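Colleague:
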Amino acid sequence: MPTFEQISQQLDHQAIEVPSWAYGNSGTRFKVFGSAGTPRTVQEKIADAAAVHRFTGLAPKVALHIPWDKVDDYAALTAYAAEQGVQIGTINSNTFQDDDYKLGGLTHHDPVIRRKAIDHHLECLQIMDATGSQDLKIWLADGSNYPGQADMRSRQDRLAESLAAIYAELKDDQRLVLEYKIFEPAFYHTDVPDWGTALVQVQALGEKAMVCLDTGHHAPSTNVEFIVAQLLRLGRLGSFDFNSRFYADDDLIVGSADPFQLFRIMFEVVRGGGYAADSGVAFMLDQCHNVEKKIPGQIRSVLNVQEMTSRALMVDTESLAAAQQAGDVLGAHEVFMDAFYTDVRADLAAWRETRGLPASPMRAYAESGYQETIEADRVGGTQLSW
Ligand code: AOS
Ligand code: ZN
Ligand code: ZN
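The UniProt record's numbering puts the sequence shown at residues 1 to 386.
#1: Bridge partners of L178, per DSSP?
#2: Using 7 Å as the cut-off, classify the Cβ of W139 as near or not near the heavy atoms of ligand 1, replying yes or no.
#3: Below 7 Å, is the gap between the Cβ of D241 and the nearest heavy atom of ligand 2?
#4: From what residue to what residue does the beta strand (DSSP E) around L64 run?
#5: Going by C-alpha distance, which of N94, E17, F283 and H218 is nearest L237?
#6: If we count the other Cβ atoms within 10 Å of its Cβ and call it buried at 16 or more, is P67 buried or exposed?
#7: Return the residue from the list R29, E44, F4 and Q9 that minimises the CA-CA distance to S20.
#8: Considering just the uninterrupted stretch of the beta strand (DSSP E) at N92, what are its terminal residues?
#9: What do you get for L163, buried or exposed, if any count of 16 or more other CB atoms within 10 angstroms of its CB means buried?
#10: I'd like the list of long-range same chain contacts for Q84, defined as Cβ closer than 7 Å, with 5 residues on each side in sequence excluded.
#11: Using 8 Å as the threshold, is the C-beta distance between I88 and L136 below it?
#12: Can you tell me whether D241 is helix, strand or coil according to DSSP?
#13: Are the beta-carbon atoms of S26 and S385 separated by less than 8 Å?
#14: Between which residues of its own chain and S319 is the CB-CB distance below 7 Å, once the five residues before and five after are set aside?
#15: Can you give, in chain order, each stretch of the beta strand (DSSP E) that sits fully within the region 105 to 168 and has at least 3 residues?
#16: Give the range of the alpha helix (DSSP H) segment to which L320 is assigned.
#17: Between L122 and L170, what straight-line distance do the alpha-carbon atoms span, to the nearest angstrom?
#18: Rounded to a whole number of angstroms, what is the C-alpha to C-alpha distance between Y247 and T95?
#19: DSSP beta-bridge partners for V32?
#20: Whole angstroms are fine: how far does the CA of V86 sit from the CA of A79?
#21: Does the pairing of the region 260 to 276 with the region 215 to 229 give three or more beta-carbon distances under 8 Å?
#22: Taking buried to mean at least 16 other C-beta atoms within 10 Å of its own C-beta, is K181 buried or exposed?
#23: Per DSSP, P19 forms a beta bridge with which residues?
#24: Please specify which runs of the alpha helix (DSSP H), each continuous and at least 4 residues long, are wholly inside the region 261 to 347, giving them in chain order.
#25: Indicate whether L205 and L234 have their beta-carbon atoms separated by less than 8 Å.
#26: Please determine, among D173, H189, T354 and C124, the residue with the shortest C-alpha to C-alpha distance to R153.
#27: Could you spell out where the alpha helix (DSSP H) holding G196 opens and where it closes?
#28: Roughly how many whole angstroms lie between the Cα atoms of L106 and A81?
#29: If you reduce the DSSP assignment to three classes, tell me which class S385 lands in.
#30: Just the C-alpha distance for G380 and V112, rounded to the nearest angstrom, thanks.
#31: Three-state secondary structure (DSSP) at F190?
#32: Assess, as a yes-or-no matter, whether the region 30 to 38 is touched by the region 68 to 77 under the definition of 3 or more beta carbon pairs within less than 8 Å.
#33: Under the rule that 16 or more other beta-carbon atoms within 10 Å means buried, what is A198, buried or exposed?
#34: Round the Cβ separation of S310 and V254 to the nearest angstrom and send it over; I've been treating them as touching at under 8 Å.
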């Protein structure tokens, strides 16, 4: 098995994009809890994202969500982010919080509503021009609750037309990334429920259209790493929305519910070339911190990704291939598990110190006074939700 020393340089380019909404208050349909220090402005969200990067060296970009993060001057917001030491990343559209979208957005039967949804995405593209963002991420709440409620097939056709209208406006260096989700908020059918549908839709658009894989958006027991392998094989894995789930789209801290799954995913990412610095795969978090503090929640998340990436890089691929080739079932499995069971935490702490980072970002954050400062300073105004 390779030593940590041997793989450590490959950790240098790791970059995980954090979502602006992770810093806002969030909750469930039962309750959104407020918490001291929660940002009241987009700038405060970006400042918190920048803190995660300062303590970990892992999170140089923050994804925005429109209209939650709408501002008048995006050039100024981009400059503010740069001052804080981060860049603006993916722009996420939103066609799920406006009454007009009750029965759908890009798939709606009414052309007026469809046009409104398309125009919202064109506005997102303008924001990308102003912020230098590369990816437009589209997640649709579209679907239906009752059999017979909607014509599922025409909705696929309308989705293809709407996406084509958006795709036509992409600049050469911009991408459209389509996210799928098995259910919720629609419970009978969802218009982009799975990777197959997302793939078919993006393949019809062209080379700049990709699929986003949110780890929480599958049926229980789905082999998510297989989907990773397949999308990478086809050159269509645009991004991850990382999170953990026990039941459905729980949006918990990535690597907390099932670190082994995260390891298996990262192994396939490495195996398929998705970890190369120029692979084009964006590694984003899509999480909410409902009961835990938000900044430590994000720090824990990026560290979990780093830890499982390290272990995935340590799989002895030569021995693995030899065992596979020899038909040595349990030998191959053992090679795989050896890397998973390797504790790299002390090595990672030392690695951080050699790069001027705190050995324990969690402890360093707790001792930094940042949390106390924002809790004392951010009084008055309105805390942001999501
Ligand atoms: C929704 O379930 C999806 O995961 C979205 O990616 C995202 O959580 C939503 O757009 C909120 O930002
Ligand atoms: Zn997501
Ligand atoms: Zn989700």
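Idealized CB from N, CA, C, for every residue including glycine.
Keep in mind the model is a prediction, meaning the values are calculated, not measured.
Modeller: Checking against the coordinates, here is how it stands:
#1: Residue pairing from DSSP places L178 in a beta bridge opposite I138 and V211.
#2: It does: the Cβ of W139 is within 7 Å (strictly closer) of some heavy atom of ligand 1.
#3: With a cutoff of 7 Å, D241 counts as near ligand 2, since its C-beta is closer than that to a heavy atom of the ligand.
#4: Run containing L64: K61 to H65, per the beta strand (DSSP E) assignment.
#5: Comparing Cα positions, the closest option is F283.
#6: P67 is exposed by the Cβ-count criterion.
#7: Comparing C-alpha distances from S20 to each of R29, E44, F4 and Q9 shows the shortest one belongs to E44.
#8: Note, N92: beta strand (DSSP E), Q87 to N92.
#9: Classification for L163: buried.
#10: Only I46, A47 and A50 meet the Cβ criterion.
#11: No, Cβ-Cβ distance for I88 and L136 is not below 8 Å.
#12: In the three-state DSSP reduction, D241 falls in the strand class (E or B).
#13: Yes, the Cβ-Cβ distance between S26 and S385 is below 8 Å.
#14: Same-chain partners within the cutoff: V335.
#15: Complete beta strand (DSSP E) runs here, min 3: 135 to 139.
#16: Counting along the chain, the alpha helix (DSSP H) containing L320 begins and ends at T317 to Q325.
#17: A direct Cα-to-Cα measurement between L122 and L170 gives close to 9 Å.
#18: Cα atoms of Y247 and T95: separation of roughly 25 Å, rounded to the nearest angstrom.
#19: For V32, the beta-bridge partners assigned by DSSP are G27.
#20: Each residue's alpha carbon lies about 10 Å from the other.
#21: Contact holds between the region 260 to 276 and the region 215 to 229, because three or more Cβ pairs, one in each stretch, are under 8 Å apart.
#22: By the neighbour-count rule (16 or more Cβ atoms within 10 Å), K181 is buried.
#23: For P19, the beta-bridge partners assigned by DSSP are A63.
#24: Listed in chain order, the alpha helix (DSSP H) elements of length 4 or more contained wholly in the region 261 to 347 are 294 to 313, 317 to 325 and 329 to 340.
#25: No, the pair does not count as a contact, with Cβ atoms beyond the cut-off.
#26: Out of D173, H189, T354 and C124, the CA that lies nearest to the CA of R153 is found in H189.
#27: Residues W195 to L205.
#28: Cα to Cα, L106 sits roughly 31 Å from A81.
#29: The answer is strand: DSSP assigns S385 an E or B state.
#30: Using only the alpha carbons, I get a separation of about 40 Å.
#31: Looking at the sequence itself, residue 190 is Thr, so the reference to Phe does not match. In this structure, T190 counts as strand in the three-state DSSP scheme.
#32: Under the 8 Å Cβ criterion, the region 68 to 77 does not count as touching the region 30 to 38, having fewer than three qualifying pairs.
#33: So A198 ends up on the buried side.
#34: Contact flag wrong, Cβ pair sits at about 15 Å.
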